[in-house]
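In what follows, a structure is listed as C-alpha cells, so that the remarks can point back to it.
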Amino acid sequence: MNSARRGWWTPASVISSANFLLRHVMRNNSLTQARRNISRHYDLSNEFFALFLDETMTYSSGIFKNEDDDDLKGAQLRKISSLIQKVITQTHTNKGLV
Numbered sequence: 131m132n133s134a135r136r137g138w139w140t141p142a143s144v145i146s147s148a149n150f151l152l153r154h155v156m157r158n159n160s161l162t163q164a165r166r167n168i169s170r171h172y173d174l175s176n177e178f179f180a181l182f183l184d185e186t187m188t189y190s191s192g193i194f195k196n197e198d199d200d201d202l203k204g205a206q207l208r209k210i211s212s213l214i215q216k217v218i219t220q221t222h223t224n225k226g227l228v
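Counting from 131, one number per residue, gives the positions in the sequence shown under our numbering.
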C-alpha cells in the first residue's frame, strides 16, 4: 500500500502521538509552575521588543504610503494619527448618543 492511500496515520505515527499525549497528560504542572511558565513566555523586556519595533513600540501594522516606503516610525505614526482621526470623527458623528 503506498503512502498516498494509507494517509498520514501510520502505525508509527499513532504510537508517537499516543506517547506524546500520555507524557503531556502525566506532566506535573502545578499552579506555581503554570505561573512561572506564563511569566517566562509573556513577561519580556522592552529591550527585546526594541530589537524589532520603532520608538513608538507599536505592535501592529503601520500604514505605509507605498510599497517602497520602508520608514517604520512614519508608518506607525500615520496609523496612530489615522486612529485618532477616526475616533474624533466617530465622536462628532455620534454626539449625544448613548
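We put the beta carbon where it would ideally sit given N, CA and C, even for glycine.
Where does residue i sit, in a helix, a strand or coil, going by DSSP?
| i | result |
| --- | --- |
| R157 | coil |
| Y172 | helix |
| L181 | coil |
| N167 | helix |
| F150 | helix |
| I214 | helix |
| V228 | Low local confidence applies: a pLDDT of 49 at V228 is under 50, so the model's placement there is unreliable, with the coordinate-based value given in what follows. Coil. |
| I193 | coil |
| T140 | coil |
Can you list, in chain order, the residues of its chain with a C-beta nearer than 8 Å to that of residue i? Leave out the 5 residues immediately preceding and following it.
| i | result |
| --- | --- |
| R170 | none |
| V144 | none |
Considering only residues of the same chain and omitting the five flanking positions on each side of residue i, which have a CB-CB separation below 7 Å?
| i | result |
| --- | --- |
| L202 | D184, G192 |
| I214 | none |
Output needed for residue i: all residues of its chain with C-beta closer than 6 Å, excluding positions within five of it in sequence on either side, in chain order.
| i | result |
| --- | --- |
| A205 | G192, I193, F194 |
Does the segment 171–178 come within contact of the segment 141–160, defined as at least 3 CB pairs closer than 8 Å? no
Evaluate contact between the segment 181–194 and the segment 203–217, counting only Cβ atoms and requiring at least three cross-stretch pairs below 8 Å. Flag = yes, the segment 181–194 and the segment 203–217 touch.
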